[in-house]
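Residue numbers (the numbering used here): -12 to 124. Here's the structure, in structure tokens; my notes come after.
Laid out in structure tokens, this is it:
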């Protein structure tokens, strides 16, 4: 059996220490067309949220992650609570492993997508929901 495409995962299983957004959601621009990326599965515009994994064992490079969210409108993140950091969670999280060809040796990397982003702890209003399935990277 082959696993193809996006693999659904639980937020807490992937990020047991949580994540912190470092700024607002932004348009994900297609490099070639210079227009906003559109999700191939849902047809919705794609936004990106830069986060840091709070896992103390994660290396500096491994802790900086981009999560893509497909939504009709730009998701609004909670206000910063620790300097510029905003504790958030992602609903409908998926991961797609891929081989990244950098330097001398290829490595396995992961692309993260979600249907929604909300304040950590499940509290607060969720952002990025429009009724359709949404995903990222």
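Where is the CB? At the ideal position from N, CA and C, for every residue including glycine.
Take the alpha-carbon of residue 108 and the one of residue 72: they are about 15 Å apart. In the displayed model, residue 55 falls within a strand according to three-state DSSP. Residue 30: not part of any beta strand (DSSP E); DSSP gives it neither H nor E.
For residue 68, same chain residues with a beta-carbon under 8 Å away, outside a window of 5 residues either side, are 74 in chain order. For the segment -9 to 27, the continuous alpha helix (DSSP H) assignments of 4+ residues that do not extend past its boundaries occur at -2 to 1, in sequence order.
In the three-state reduction of the DSSP assignment, residue 98 falls in the strand class, which pools E and B.
Put simply, of 90, 62 and 92 the residue whose alpha carbon is nearest the alpha carbon of residue 101 is 62.
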